[in-house]
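Data first, discussion second: the structure below is written as structure tokens.
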Ligand code: SF4
Ligand code: SF4
Ligand code: SF4
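Below, the structure written as structure tokens:
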């Protein structure tokens, strides 16, 4: 590991270095990703000149990925970014704009909000965000405090299929999410005397080094491998670099993961590889689990998943006998209607092997100092019980009331907009989300529905296709180094401070303050951004507020391991877990109370070779999508030349045997099609992908193309969400089949490309 | 003693950080690289094991980050490598690392 010069890389927050002011700060999008890597910002004459990774940041320890390394000239100082509020001048989609002042922009918002309040009620105002970036707590707080509405959600992500299924299931089973322990909860990291490296990390449906999802920096796993000799097990339909470096790689058919996990539980139980002491003392429902896993034999799962029973048995033994073993699970868990059942199996595996809340196992992640600054921040403070009942979809899917987030049910929102029933959605505020490019399943349908909403505000960094297509007002948002903010996902507690200003950009926090003071001046306990940020910490009785945190930048709140013994997991201070029974619920009483499966279970995806042989005949390939690349964060970064130098086009991976049968060669443009639609991508013929499965890129548009409709940066021609579904969700409302559908693939020819998906969306060809 | 770069390529994940760091430091245009990461695989070897290996190599444009080094910094590829697999220093010192870390290379630039 490199050794950095401590004279140059100092621990204070700011110093002078020649002509530069150097600021230590953390990066939390945009641009970037979910993470919060430590950066040194070198500023000259008020302008960002260059950045370096901050070696004194314990989260990232000096390293940076290519996106932050590329941030200065191609993002922060990129003259094509939005710098002023823009009001639509032509029709929606014409890309004609008039620059207006912030006051005029706020007047527009105020007028529409007040009209919605008067004619229907606050519930007719919806605020949506993308993934957990630096809008994650701000969008809900804006929705609750300024618009007084309970209807905050994710940008038409069917089934809330990202993190929320996992997290909601974890509330019932473990009392909260569990995360691989790479020492990140303690400022001393790997050097803590209590810390142990995992003997094994089982990585399931995730390529951690590329995704860096959910507050977990993937290269920490490499640290463990190098410094602690950690071995890997990988379950993934793709041969990733990590899979190739694993002791076992189980190459499952997408959507069958729960069967494999249940078979691994079966092996652990049958061979008595479980931690009886932990189970007897701390777990609820072990006998029920034993009974439920009785028939889940490795042979049964192997047949379903297209793997061998031997590798299931081998992986189960290796994980169960490693001390400690850690379990890293990714987004693909959520992207199936079976997501909650699958997540349940994963948590049970961590539990019965005694790996929960132990060093080098899976740590129960709670926000530092108990601060809630995630999806749903301010919900209880601003929304009364009557209004809570108006959160769209929660009566139909009650787990949303008890789950990890206060989101509305996006699939139900779509139906409501389409039907205009029971009432019309009048105002939609989107921040940090670009649904028709990235995460809205059935993107053409969502586009048409959104066009019915009379007033749409989009707050973003760039003029995205979503802005062009439907915004009536576009707000220019400050990038990470231009804002005062706060982050607690997951640790440490971090104050982000403003270093530079770009044109008239404002932070989401400034917008909350401005709009809440206009619309709800007597109802909000703040008067500026600093008092807002202080309130976020003070509302949960954190021992320090933002003003105090800002100078020290970071605060760790490590409460030790095995907190179920010390009473630190429960609000009442009693030993045990923060669940209904106080035990770790192998059988979930919360899920049972709602009439759902209360034990891990497997269900075939709704469109699979098994469930729909009729469809399979016409669409003989399993389609998965949504995997990440180094260069991009979902729909972001396509406008940055360096990222495009490394990756220029959307690709679909296809196995050489399948490609040969179809006469497809590497580099061919191909149509990917199913009964809902098609899109085109470049074929990458590679053994990376399991035979019979194709893996298609998501999030593409071409900023170099015409922005206006009907081109719209070409987004609908390459949108894999032409093929996905809305409203096909798990029993809890969580989880949708983004990653386990069926499709066919054929080469693009001039004849079969005459009517494009864009033509169909915009009606440009009969 | 000349300085060089030590790279433990067994744990190089192919993340491109070294390449982009170098491009930014030296303002290299499209298609130009100081550090360039080459790839082998994934392919099955004769033992039925997957070979999937990256080798970052410094091209003719590499000046071992002379300017940064003169300021007391590490070469930017070494500083930012996400897997921490690179070291900079006198070649005889780096050669000792080869003994401890299999699947490593030493570049005298
Ligand atoms: S993972 Fe990459 S993009 Fe995300 S904050 Fe860290 S360096 Fe930036
Ligand atoms: S030492 Fe400097 S010049 Fe050489 S490859 Fe690394 S970053 Fe580029
Ligand atoms: S930065 Fe490190 S891990 Fe990433 S490609 Fe370069 S050498 Fe490999």
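Residue numbers (my numbering), protein chains in the order written: chain A, 1 to 766; chain B, 1 to 109.
For glycine and all other residues, C-beta sits at the position ideal for the given N, C-alpha and C.
Computed from a predicted structure; not experimentally measured.
Interface partners of residue i on chain B, CB under 8 angstroms
i, result
"residue 163 of chain A", "Ordered by position in chain B, no residue passes the 8 angstroms Cβ test against residue 163 of chain A, which lies about 23 angstroms from the chain."
"residue 839 of chain A", "The requested residue 839 of chain A does not occur in the structure, where chain A is confined to residues 1 to 766."
"residue 639 of chain A", "Ordered by position in chain B, no residue passes the 8 angstroms Cβ test against residue 639 of chain A, which lies about 15 angstroms from the chain."
"residue 62 of chain A", "79 and 80"
"residue 687 of chain A", "42, 43 and 44"
Integer Cβ distance of residue i from residue j, believed to fall under 8 angstroms
i, j, result
"residue 343 of chain A", "residue 587 of chain A", "Not quite, the Cβ-Cβ distance comes to about 14 angstroms (not below 8 angstroms), so this is no contact."
"residue 695 of chain A", "residue 238 of chain A", "6 angstroms"
"residue 163 of chain A", "residue 214 of chain A", "6 angstroms"
"residue 530 of chain A", "residue 484 of chain A", "7 angstroms"
"residue 4 of chain B", "residue 94 of chain B", "6 angstroms"
"residue 642 of chain A", "residue 23 of chain B", "7 angstroms"
"residue 486 of chain A", "residue 526 of chain A", "Their Cβ separation, rounded to whole angstroms, is 13 angstroms, which puts residue 486 of chain A and residue 526 of chain A out of contact at 8 angstroms."
"residue 43 of chain A", "residue 500 of chain A", "6 angstroms"
Per-residue contacts from residue i into chain A (C-beta, under 9 angstroms)
i, result
"residue 86 of chain B", "2"
"residue 9 of chain B", "Residues of chain A passing the Cβ test: none, with the nearest at roughly 12 angstroms."
"residue 57 of chain B", "Under the 9 angstroms cutoff, chain A gives no residues; its nearest Cβ is about 17 angstroms from residue 57 of chain B."
Straight-line Cα distance separating residue j from residue i
i, j, result
"residue 89 of chain B", "residue 259 of chain A", "51 angstroms"
"residue 368 of chain A", "residue 375 of chain A", "16 angstroms"
"residue 314 of chain A", "residue 268 of chain A", "11 angstroms"
"residue 360 of chain A", "residue 349 of chain A", "15 angstroms"
"residue 521 of chain A", "residue 105 of chain A", "18 angstroms"
"residue 12 of chain B", "residue 70 of chain A", "20 angstroms"
"residue 420 of chain A", "residue 436 of chain A", "21 angstroms"
"residue 40 of chain B", "residue 651 of chain A", "20 angstroms"
"residue 77 of chain A", "residue 41 of chain A", "13 angstroms"
"residue 372 of chain A", "residue 536 of chain A", "8 angstroms"
"residue 365 of chain A", "residue 28 of chain B", "42 angstroms"
"residue 261 of chain A", "residue 316 of chain A", "9 angstroms"
Interface partners of residue i on chain C, CB under 7 angstroms
i, result
"residue 645 of chain A", "Protein chains A and B are contained in the structure displayed, whereas chain C is not."
Residue j beta carbon less than 8 angstroms from that of residue i
i, j, result
"residue 1 of chain B", "residue 92 of chain B", "yes"
"residue 83 of chain A", "residue 503 of chain A", "yes"
"residue 683 of chain A", "residue 720 of chain A", "no"
"residue 630 of chain A", "residue 66 of chain A", "yes"
"residue 370 of chain A", "residue 540 of chain A", "yes"
"residue 284 of chain A", "residue 581 of chain A", "yes"
"residue 391 of chain A", "residue 150 of chain A", "yes"
"residue 717 of chain A", "residue 748 of chain A", "no"
"residue 382 of chain A", "residue 426 of chain A", "no"
"residue 197 of chain A", "residue 224 of chain A", "yes"
"residue 657 of chain A", "residue 691 of chain A", "yes"
"residue 468 of chain A", "residue 430 of chain A", "no"
"residue 2 of chain A", "residue 87 of chain B", "yes"
"residue 776 of chain A", "residue 36 of chain A", "Limits of chain A in this structure are 1 at one end and 766 at the other, which puts residue 776 of chain A out of reach."
"residue 337 of chain A", "residue 31 of chain A", "no"
"residue 179 of chain A", "residue 363 of chain A", "yes"
"residue 693 of chain A", "residue 402 of chain A", "no"
"residue 46 of chain B", "residue 16 of chain B", "no"
"residue 432 of chain A", "residue 159 of chain A", "no"
Residues that residue i contacts on chain A, provided the C-beta gap is smaller than 7 angstroms
i, result
"residue 83 of chain B", "219 and 222"
Within chain B, the residues that residue i reaches when beta carbons sit closer than 9 angstroms
i, result
"residue 65 of chain A", "15, 16, 17, 20, 80 and 82"
"residue 70 of chain A", "20, 23 and 24"
"residue 570 of chain A", "Near residue 570 of chain A there are no residues of chain B at all, since even the closest Cβ is about 38 angstroms away, more than 9 angstroms."
"residue 233 of chain A", "Result: empty, since nearest Cβ-Cβ is about 14 angstroms, beyond 9 angstroms."
Per-residue contacts from residue i into chain A (C-beta, under 8 angstroms)
i, result
"residue 23 of chain B", "642"
"residue 41 of chain B", "244"
"residue 98 of chain B", "None at all; the shortest Cβ gap to chain A is about 15 angstroms."
Partner residues on chain B for residue i, Cβ-Cβ distance less than 7 angstroms
i, result
"residue 53 of chain A", "79 and 80"
"residue 26 of chain A", "Result: empty, since nearest Cβ-Cβ is about 16 angstroms, beyond 7 angstroms."
"residue 31 of chain A", "Simply none; closest approach about 14 angstroms."
"residue 241 of chain A", "13, 14 and 52"
The stretch 240-254 of chain A in contact with the stretch 202-211 of chain A per 3-pair CB rule at 8 angstroms
yes
Three or more C-beta pairs under 8 angstroms: does that hold for the stretch 45-57 of chain A against the stretch 182-190 of chain A?
no
Touching by the beta-carbon criterion (3+ pairs, under 8 angstroms), the stretch 320-327 of chain A and the stretch 287-294 of chain A:
No, they do not touch.
Say whether the stretch 743-763 of chain A touches the stretch 58-76 of chain B, bearing in mind that this needs 3 or more beta-carbon pairs closer than 8 angstroms, one atom from each stretch.
No: fewer than three Cβ pairs fall under 8 angstroms.
Pairing CB atoms from the stretch 548-565 of chain A with CB atoms from the stretch 141-149 of chain A, are three or more of them under 8 angstroms?
no
At least 3 beta-carbon pairs within less than 8 angstroms: the stretch 615-631 of chain A vs the stretch 729-749 of chain A:
With the cut-off at 8 angstroms, the stretch 615-631 of chain A and the stretch 729-749 of chain A touch.
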